[in-house]
Each structure stands twice: as structure tokens, then as C-alpha cells.
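One structure below.
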Amino acid sequence: MSSRLFRSALLVCIGVLIGQYNSTTQINCSENTDVSSSNKSVHQIRRSNTLSEEEAPILLDIPKSTKEVVINVGTSIDPILPAPEMGPCAKCIAVEPIVGHNIQQHKQLSVVHAAVSEKAGVVSMNVYNNGAESSSLAKPSASQYWNANTGRGDGRTIIVPVITLTSLISAVPNSTQISLLKTDMQGFDFVAIREAGSILKKRVRHIMTEVWMNDHYTYHANNDLCRDFLPFMTQLGYDIANVKESSRSVTYKQSPEQIRAHCEKQLRDTPVRPGVIESAGLDERDAYWVRKDSIGMNFPDCPNIKKLTKTFTAEEYATCG
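Quick note on numbering that gives the first Met the number 0: the sequence shown kicks off at 0 and runs consecutively.
Here it is, written out as C-alpha cells:
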């Protein structure tokens, strides 16, 4: 089998991850895969026609009627959906490596069953908490109620495929606007964002990331707002819009000025990053980032699938092609 044919076969198999498949779909990804016949059975992929075959990214076959997509990495079983004002043809690409097969089906949703990190491959992922909702590529910083219950399987590992954020963003045609990227990656948010770098700035207006505050480490990873995110995102060309901490029905917010003042004080008081073990703890919040050329635009208000109130009719969905 030629190397080019084998590479094409591999891409067909990757297409399964980004397609509209349920957990029972079976595709043979061996070296003998018949690419010509398999192409009819997967969510179609195509190459950009602006570069050579070797250089061009593999593009998702997104309908022309889909003008906007949102990407949600680390969804557990409750991904976001496009904001209602984006219309019935907008799509969400959800990325969930462990429990993606339990996500409710929806016409505007496709699920990628993979983890995201700085390098593509196959890794062992650590499973924690009820419904595996705190599973991570990293180990916890300390033994706590959410990660130490062996009776429910905390600490076991599951082998999962890994993709990069760059490859996912590059797969969305340039004609489709990526209006929001949301990440909740249990300590690997900064790793994924940093890997994407310049393509993130080029393609994504609004970003929402889980961050850690006050040098508290949930896992063995670097994901601090002040030490990691704020310097990198500022240099990349994003402004911090706000930081929210949701606790039951109360939402705590910080203004951009308060955030910068907080970070200046944190780095002044503790100029050297402390060790993970000595700073183990839980202080997680959501940071909202806006690309500088999009300041003043409304941040997309994308509902979670479990809290969905606005639905479109079959006639409206039929217009999407």
C-alpha cells in the first residue's frame, strides 16, 4: 500500500472522530482500509484548494449555510450550543474524550471523541469524580473528595486519542466564522491555547477558558490566570473582559481593571511560582477573552444543551442544506 494511500486511510479514520457518529459505529482503520469505499460512509472531509496537497489542511465538509460555529473543548455531558441569534444552521463542535457517547444528540451538534493537547497521538487519561467530570491528562495536586473515591473508579486510566487545537481550528473552512471557543480541560486549558497560538488569533473572536486563581493548583499543570494566561493572551492580541466564579446561584464577577490589579499584586507578592504540592487547592474560575478588533461586540451567550430553551422548527432546519 503506498504511503499516500495509507495517509488518506488514516485521515478517513480521523474523520470518524469529527463526524456524526454514535458509539456503535465501527470503522476498520487497518492498513488495508479501502479509501474509495469508506469515503462514502464518513462525514466527508476535503482539502483546501489554495495550497498543495501536502501543505493544505483537511477541511470539514461544513454546509455553506453554516456561517458560524462554536467550539467547546471538555464538555462532559453538557456541551454548549450556538447562541439562538446565530440561527438554525450554526453548529457546535464538542470535544469530549471520555463520556462523549452520553451526550444528548442535537441537529446543531457534532462530537469529537478525543482529548486536546500540544501534540497529537494516543495517551492514557486519568478518570476522576462522578460521571468522570474531572478527568484529566494530568494528575491531581492532592487527594481530595473528587479524586480519591476508588469505589467509583477514581484514578483508573482510559486510553484516548489526542488532537491539537490547531488541527481542529484549521479544519473549519475560512468561510465559516468561529465565534466562540470554550475550554474546560481540567488543567490543560493553557497548554491547548498556547499550542494554537497565532491561528487562534486569526480565527477566533471570543474565548472562554477555565483558569486557576491565586497560585492554587488543582492538578500538576500550569493554568494560572496571572502567571500563564494574562501575559500570553495579552501578547497574542486579546483583552480580558471579565472573570466569573459561579457558586450555586451566585455569580461573582471581576472587571478588567480589577483583574489586572489583582495579578500585579499576586506577582509582586510572590514573584516565583510556588510548587504544586505546597499550593494544592481549588480556586477555579472562567475567564472571558475578546480579540482586540472585536472589543465592543457582544460576547456570545451560548446555552448549555441541558438548559436549552429556544429550539428551531423542522422547517427552519430544512433551510440549512
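Cβ coordinates follow ideal geometry from the N, Cα and C atoms, glycine included.
Per-residue DSSP class, three states only, for residue i
i	result
M85	helix
D285	strand
I304	helix
A279	strand
S109	strand
K90	strand
I198	helix
N101	helix
A313	helix
Beta-carbon gap between residue i and residue j smaller than 9 Å
i	j	result
N129	R151	yes
L167	P299	no
F189	F231	yes
L199	L229	no
V115	C91	no
R226	L281	no
I284	M212	One point to set straight first is that residue 284 is Arg, not Ile, in the sequence displayed. Yes, they are a contact pair.
I321	V171	Residue 321 lies beyond the range of the chain shown here (0 to 320); nothing can be said about it.
G203	L224	Note on residue identity: the sequence assigns Val, not Gly, to residue 203. No; because the gap between Cβ atoms is not below 9 Å, this pair is not in contact.
K66	M85	yes
D214	S278	yes
T175	I192	no
P81	C301	yes
H205	S293	yes
S75	A147	no
Y316	K181	no
K309	P83	yes
Close Cβ partners of residue i (< 7 Å) along its chain, the five nearest in sequence each way excluded
i	result
S40	Residue placement at S40 cannot be trusted, given a pLDDT of 29 that sits under 50; what the coordinates show is reported in the next sentence. Excluding sequence neighbours, S40 sits near nothing in its chain.
I158	V121 and S123
A240	P255, Y287, W288, V289 and F298
V275	S140, Y216 and H219
P273	D214
N222	G186, D188, F189, V210 and W211
S169	P56 and I198
Q104	none
T149	none
For residue i, the residue or residues it bridges with in DSSP
i	result
E67	Q176
V115	I162
V72	V94 and T182
R290	Y237
I79	N303
Nonlocal neighbours in the same chain, by C-beta distance under 8 Å from residue i, ignoring five residues either side
i	result
G196	T165 and L235
P78	N71, C91, A93, E95, I102, L108, V110, N303 and I304
V126	I97, S134, G152, D153, G154, R155, T156 and I157
V271	none
K291	G236, Y237 and D238
T318	S64, P87 and C88
Nonlocal neighbours in the same chain, by C-beta distance under 6 Å from residue i, ignoring five residues either side
i	result
G99	V110 and H112
A119	V161, I162 and T163
A137	G186, Y218, H219 and A220
G320	P62 and S64
C262	C225 and L229
E117	V190 and E194
Y144	none
Query - Runs of beta strand (DSSP E) lying entirely within the stretch 200 to 267, each at least 3 residues, in chain order - result: 203 to 211, 237 to 246 and 249 to 253
**Report entry** Length-filtered (4 minimum) alpha helix (DSSP H) runs lying within the stretch 120 to 192
**Finding:** 164 to 169
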